[in-house]
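So the structure is just underneath, and the comments pick up after that.
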Amino acid sequence: MKGPVQRSLHCPCGNEKILALGLCSTCYTLKRQDEEYFGGHREEVLARDGYRCRVPNCATVKRGKRSVAVHHRKPGNSDPKLMITLCLPCHAKVSRTQFLENEWPELLRILWREQHPDAHEQTTLDFKVRGPGAAAVPLFEIKVSQK
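Okay, so the sequence shown: first residue is 277 according to the numbering used here, each after it adds one.
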């Protein structure tokens, strides 16, 4: 006869609402997505990168599983060497923007080019005035009628 089985009272993240496999809905979803999209290597990549964005001098201060994304450098390839941890704003810049900004750190520029190999790079124009401006010249005469 089998002895009693101890059930967890809460998810390892601390949430008391258990969905399945002793995990809350968020942790269960992350585990399922890890297997499906990351070949089971998501946790390994996050731990390797210290749960932080790998972009140098990134200003995002949030840390943890839910505030970072694992980015595939080659879409569909789940080799941990080809995945990198990015914060959500940096991941959005790499995957969702249609133009490359000059001010981005070099790593973001490299990742953007990998995601958009056929895209045309657009540089931003600098409209700062560097000296005295041109004198105002009226375009046409204004006649004021007196009554």
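Backbone N, C-alpha and C define an ideal beta-carbon position, used for all residues, glycine too.
For residue i, three-class secondary structure by DSSP
{"i": "Cys329", "result": "coil"}
{"i": "Val346", "result": "strand"}
{"i": "Ala296", "result": "strand"}
{"i": "Val370", "result": "helix"}
{"i": "Pro408", "result": "coil"}
{"i": "Pro356", "result": "helix"}
Residue span of the alpha helix (DSSP H) that contains residue i, given as start and end
{"i": "Cys303", "result": "301-314"}
{"i": "Glu390", "result": "382-391"}
{"i": "Leu322", "result": "318-324"}
CB-CB length for residue i against residue j, believed under 8 Å
{"i": "Leu364", "j": "Ala345", "result": "6 Å"}
{"i": "Cys287", "j": "Cys303", "result": "5 Å"}
{"i": "Leu299", "j": "Lys307", "result": "6 Å"}
{"i": "Pro408", "j": "Asn333", "result": "No, Pro408 and Asn333 are not in contact; Cβ-Cβ is about 36 Å, not under 8 Å."}
Under 8 Å between C-beta atoms of residue i and residue j
{"i": "Ser354", "j": "His396", "result": "no"}
{"i": "Val331", "j": "Leu384", "result": "yes"}
{"i": "Glu319", "j": "Arg349", "result": "no"}
{"i": "Thr361", "j": "Asp394", "result": "no"}
{"i": "His392", "j": "His367", "result": "no"}
{"i": "Leu387", "j": "Val405", "result": "no"}
{"i": "Val424", "j": "Pro351", "result": "Any question about residue 424 goes unanswered here, given that the chain covers just 277 to 423."}
Residue i - containing beta strand (DSSP E), residue span
{"i": "Cys363", "result": "359-363"}
Near the ligand ADP: residue i beta-carbon under 7 Å from a heavy atom
{"i": "Thr361", "result": "The model on display carries no ligand, and the ligand ADP is accordingly not part of it."}
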